[in-house]
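Chains as they are written, first to last, in our numbering: chain A, 11 to 407; chain B, 11 to 407.
Note that the Cβ used here is the ideal one computed from N, Cα and C, for glycine as well.
Working notes, structure below.
There are 2 protein chains.
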Amino acid sequence: MNEVGPIAPPSGIRQRNELAAMRALYRHGRLSRAELARILGLNRSSSGHIVAGLTVEGLVREVGTAEQAPTSHAGRPGIMLELTPDAAFFLGIEIGVEHITVVEIDLACRIVNNRMEPFDGPSVDVETAVSRAVSLAFDTLPPSHRGRCEGLGVAVPAQMDRKGLINIAPLLGWRNIQLADLARAAVPAQMPVMVENDANAFAIGASYGAREVHSGVTLYLVMESGVGGGIVVDGTLFRGAQGLAGEIGHLRVNGSDAPDRSLESVLGLECILRAYRAISTQPDPNLATFLTDVRDRVPGAVAIAEEWARALAYGLIQAGRIIDADRVVLGGSVAALYPLMAARVLHHIRSMQEESFPLPMIQTNKDETVGPAFGAACLLHQRYLSADAARLAEDAP
Amino acid sequence: MNEVGPIAPPSGIRQRNELAAMRALYRHGRLSRAELARILGLNRSSSGHIVAGLTVEGLVREVGTAEQAPTSHAGRPGIMLELTPDAAFFLGIEIGVEHITVVEIDLACRIVNNRMEPFDGPSVDVETAVSRAVSLAFDTLPPSHRGRCEGLGVAVPAQMDRKGLINIAPLLGWRNIQLADLARAAVPAQMPVMVENDANAFAIGASYGAREVHSGVTLYLVMESGVGGGIVVDGTLFRGAQGLAGEIGHLRVNGSDAPDRSLESVLGLECILRAYRAISTQPDPNLATFLTDVRDRVPGAVAIAEEWARALAYGLIQAGRIIDADRVVLGGSVAALYPLMAARVLHHIRSMQEESFPLPMIQTNKDETVGPAFGAACLLHQRYLSADAARLAEDAP
DNA sequence: ACATTATGTTGCACTACGCAACAAATAAAA
DNA sequence: TTTTATTTGTTGCGTAGTGCAACATAATGT
């Protein structure tokens with residue numbers, strides 16, 4: 011309700027405007043002071059002051075005017091500005107069932123380091139899992155970046171509230187755990203720590219990390235062995251009460267055969283491969299051979315894919331009725347099946363829909379680097395550039 | 011993404027702080043200057059200046075210090091402030107299939123006038139429907155309020171984008187209509203006009219109008235002949251791309267009998283009454299007699315109610331998987347059935363849920379005055395007290 | 001009656017922004 | 001080539017809003 015909130019000290023105004031300037035620079039990449047002023051709705055002189063402040067802080071730098079040719083203006087060319095990439099770094103961790111993944115991004119939101127390590131999630135208790143993950147992350151962080159690490163994000167397959175209290179993490183066997191506090195305690199330095207559901211982290215990574223601010227509702231699906239989902243509204247993650255918003259995989263589907271299965275059990279990699287192994291003549295049936303078989307119209311594979319397309323259509327329709335998304339982005343390895351089956355999925359959607367409900371735009375995620383760990387890091391990047399972070403900074407002293 | 015945005019002129023700060031003060035006064039009802047300062051995070055002196063400004067504008071007034079006894083402070087008692095109720099008025103219209111309803115609220119968000127008129131929606135074209143509705147609204151508005159009417163909201167059973175462009179309104183037979191512009195043209199004076207889906211309007215009315223700012227996700231259901239739904243997140247309406255978010259009534263349900271029916275056709279008043287009339291021995295079977303029959307455990311009625319409870323549980327589970335609500339509020343006449351069937355609904359939810367997903371809190375809406383028309387008016391009240399309105403005011407001159 | 005506590009008000013300092021003017025640098029026109 | 005037009009970045013000044021500290025005010029508790 012208090013969307014904006016009051017603005018206390020004049021210095022707070024400057025801080026907010028500096029953050030707004032940095033957000034604009036993040037989104038647009040490179041801007042001159044004048045362009046920045048226009049985007050922010052400020053006077054050129056104010057823009058200049060703000061940039062001056064950010065420059066002495068080392069957060070923004072001028073970039074050689076060499077490459078501003080495309081702007082065919084008819085006046086003095088502006089000095090392009092950009093975020094100084096190595097002014098701040100953010101760590102993202104994914105604690106999965108089989109792996110721990112670490113990603114380090116810089117202020118430009120580019121990946122500068124990443125690492126993956128096998129991990130047997132269910133057999134490890136929380137404390138050691140967190141300490142292993144955090145120490146792996148800070149081992150990956152180069153010593154020269156230590157002092158400029160401005161946040162740590164942890165993505166976990168769990169439901170949790172906004173304060174990082176995990177209610178339950180079925181795949182890891184965790185229950186009622188204050189993961190955020192646990193992680194904070196394991197971190198060597200003082201820095202913001204956030205915890206997020208892995209599917210949500212993926213969603214924010216695919217959205218925020220790609221610098222795209224689709225104003226509307228986007229449903230991100232991650233289809234691996236399980237099926238997760240996240241919702242992004244106008245560039246902001248919509249968590250839901252327990253971080254489970256968009257978890258389309260747990261939708262109930264009373265399909266043709268057994269009643270009351272979860273959608274995940276039909277859409278997931280496991281289900282596809284099980285059915286495919288039963289009918290395949292390939293020596294080593296796997297997802298890749300399945301995809302080629304579908305492409306080659308091998309009847310058994312096509313039938314499996316058809317079932318998959320029907321289930322996906324069903325899930326998208328149900329989700330569409332409730333969150334009214336105008337865009338769907340498919341990720342995960344199984345997403346590669348979609349381009350082959352797009353026509354069938356759309357056909358099923360149309361035949362199941364009652365009336366002229368608008369179809370969401372359906373895309374597949376191209377950038378393979380995005381994942382929950384990257385998204386978790388993005389969450390802290392976003393927070394660093396948001397006014398809430400400033401609020402907390404005020405509370406501290 | 012640009013959640014806050016830059017703050018341009020110093021005078022803009024004052025405006026924002028004045029709005030924040032008014033929001034606080036709306037939420038808390040009565041506050042002293044010092045309390046206001048604490049809530050807003052401002053200095054007492056600033057609070058005093060802001061209040062002074064609002065007082066000369068007539069938006070805020072001091073209320074006799076008679077009634078501040080409960081605050082057992084040990085110092086000088088504060089002078090209580092409140093929004094001047096008749097400083098501004100807002101009109102809300104619901105264009106339904108059978109009625110046109112008009113509600114007028116004041117700055118305190120209290121209903122000061124309302125009116126209802128029969129209407130045969132499908133037989134009337136849009137232009138005349140809008141002009142009839144708008145003139146009914148401005149007839150209801152007392153002449154002395156004319157100059158202080160600060161907004162008009164229109165609730166319609168339709169899907170529309172954020173700018174008031176209706177894609178389709180099946181029940182009224184409208185298609186591709188710029189309803190917001192149409193309404194703006196019909197309004198005698200210049201004022202903000204908003205259009206919203208009726209279920210969404212109901213939801214914001216039940217949430218915002220009740221001054222409750224449940225921080226979390228609430229799903230509002232309106233169960234009449236049709237079933238609509240709206241989602242409110244942290245006190246703000248979540249529309250979705252086409253204003254259809256929360257439209258649980260259109261969920262597909264392949265129930266025990268016919269496959270692929272919409273949930274609405276099972277949960278709605280029509281379905282209940284049709285089934286009830288077929289088995290009832292009452293002379294005039296209607297919803298009231300049905301409810302008493304259910305209370306008296308008349309087997310046929312209980313069976314119908316049981317089916318209803320199952321369908322409701324199914325819908326809530328499906329919706330819960332996608333928006334992850336922590337609260338559900340049931341409205342509309344059929345909601346009266348819920349208290350009788352609460353245990354069964356919860357039972358079904360538990361039996362259909364796979365694991366320990368947290369159950370949302372389920373309530374029935376008590377305040378009978380809230381409805382789409384009231385909610386539409388609330389939408390403009392909210393807008394009047396929001397920073398966006400100020401933005402637009404800046405754009406105008 | 002006195003101390004204590006909290007409120008509302010006032011004068012002063014600080015700071016951020018807008019405005020206008022100016023120098024700089026480029027493109028288009030003469 | 002020179003001139004004009006256009007856009008950019010900078011600087012000095014005025015405006016305005018907030019914070020701070022001090023003070024008068026009005027209650028409670030001893």
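query, result
"Supposed close pair valine 444 of chain A, leucine 340 of chain A - CB separation, criterion 8 Å", "Residue 444 of chain A cannot be examined here, being either before or after the span of chain A that is shown, 11 to 407."
"Contact set between the segment 282-311 of chain B and chain A, restricted to residues whose Cβ is under 8 Å from the partner", "none"
"Any 3 or more C-beta pairs closer than 8 Å across the segment 99-110 of chain B and the segment 149-165 of chain B", "yes"
"Local Cβ density within 10 Å of arginine 382 of chain B, reported as buried at 16 or more and exposed below that", "Reading the sequence as shown, one finds proline at residue 382 of chain B and not arginine. The residue in question, proline 382 of chain B, is buried, as its Cβ has 16 or more Cβ neighbours within 10 Å."
"Coarse secondary structure for arginine 172 of chain B, derived from DSSP in three states", "coil"
"Proximity below 8 Å, CB of glycine 325 of chain B to CB of glycine 219 of chain B", "no"
"Whole-angstrom distance between glycine 51 of chain B and asparagine 210 of chain B, CA atom to CA atom", "32 Å"
"At least 3 beta-carbon pairs within less than 8 Å: the segment 326-345 of chain A vs the segment 214-233 of chain A", "yes"
"Any non-hydrogen atom of the ligand PLP closer than 7 Å to valine 61 of chain A Cβ", "What this structure holds is no ligand at all, so the ligand PLP is not there to describe."
"Chain B contact residues for valine 227 of chain A, given Cβ-Cβ distances below 7 Å", "Gly250 and Ala251"
"Environment of asparagine 27 of chain B [buried if 16+ CB atoms lie within 10 Å]", "buried"
"Reference valine 112 of chain A; option with closest CA among A/Met90, A/Ser133, A/Ala147 and A/Pro128", "A/Ala147"
"Nearest-angstrom Cα separation, counted from valine 232 of chain B out to methionine 362 of chain A", "24 Å"
"Classification of aspartate 135 of chain A by the beta-carbon crowding that lies within 10 angstroms, buried from 16 upward", "exposed"
"Per-residue contacts from isoleucine 333 of chain A into chain B (C-beta, under 7 Å)", "Gly250, Ala255, Ile332 and Ile333"
"Nearest-angstrom Cα separation, counted from phenylalanine 99 of chain B out to histidine 155 of chain B", "7 Å"
"CB of glutamate 257 of chain B within 8 Å of CB of arginine 262 of chain A, strictly", "no"
"Simplified DSSP assignment, three categories, for glutamate 316 of chain B", "helix"
"Member of A/Arg37, A/Ala31 and A/Gln25 whose CA lies at the smallest distance from the CA of glutamate 222 of chain A", "A/Arg37"
"Minimum C-alpha distance to leucine 46 of chain A - residue among A/Arg24, A/Gly88 and A/Asn124", "A/Gly88"
"Cα-Cα separation between alanine 240 of chain A and threonine 94 of chain B, rounded to whole angstroms", "Looking at the sequence provided, one finds glycine at residue 240 of chain A rather than alanine. The alpha-carbon atoms of glycine 240 of chain A and threonine 94 of chain B are separated by roughly 43 Å."
"Alpha carbon of valine 70 of chain A to alpha carbon of arginine 54 of chain B, nearest angstrom", "37 Å"
"Contact under 8 Å by Cβ, methionine 204 of chain B with arginine 393 of chain B", "yes"
"Simplified DSSP state of glutamine 292 of chain A, which is helix, strand or coil", "coil"
"Contacts around isoleucine 60 of chain A, its chain only, beta-carbon distance under 6 Å, and the 5 residues preceding and following it disregarded", "Asn27, Glu28 and Ala31"
"Cα-Cα separation, arginine 271 of chain A to histidine 260 of chain A", "9 Å"
"Unbroken alpha helix (DSSP H) run spanning threonine 228 of chain B, endpoints", "Threonine 228 of chain B -> not in any alpha helix (DSSP H); beta strand (DSSP E) instead, spanning 227-233."
"Buried versus exposed, by CB contacts within 10 Å (16 or more), glutamate 280 of chain A", "exposed"
"N- and C-terminal bounds of the alpha helix (DSSP H) containing isoleucine 89 of chain A", "No alpha helix (DSSP H) contains isoleucine 89 of chain A, which DSSP labels as neither H nor E."
"Proximity below 8 Å, CB of glutamate 274 of chain B to CB of valine 237 of chain B", "yes"
"Proximal chain B residues relative to asparagine 177 of chain A, where beta-carbon distance stays under 7 Å", "Pro368"
"Partners in chain A for aspartate 336 of chain B, counting only beta-carbon separations shorter than 7 Å", "Ala251"
"Amino acids of chain A, ordered along the chain, whose beta-carbon sits closer than 8 Å to that of alanine 329 of chain B", "Ile332"
"Cβ of isoleucine 23 of chain A within 8 Å of any chain B Cβ", "yes"
"Contact list for isoleucine 115 of chain A against chain B, beta-carbon separation under 8 Å", "Chain B residues near isoleucine 115 of chain A: none, gap ~17 Å exceeds 8 Å."
"Cβ of isoleucine 314 of chain B within 8 Å of any chain A Cβ", "no"
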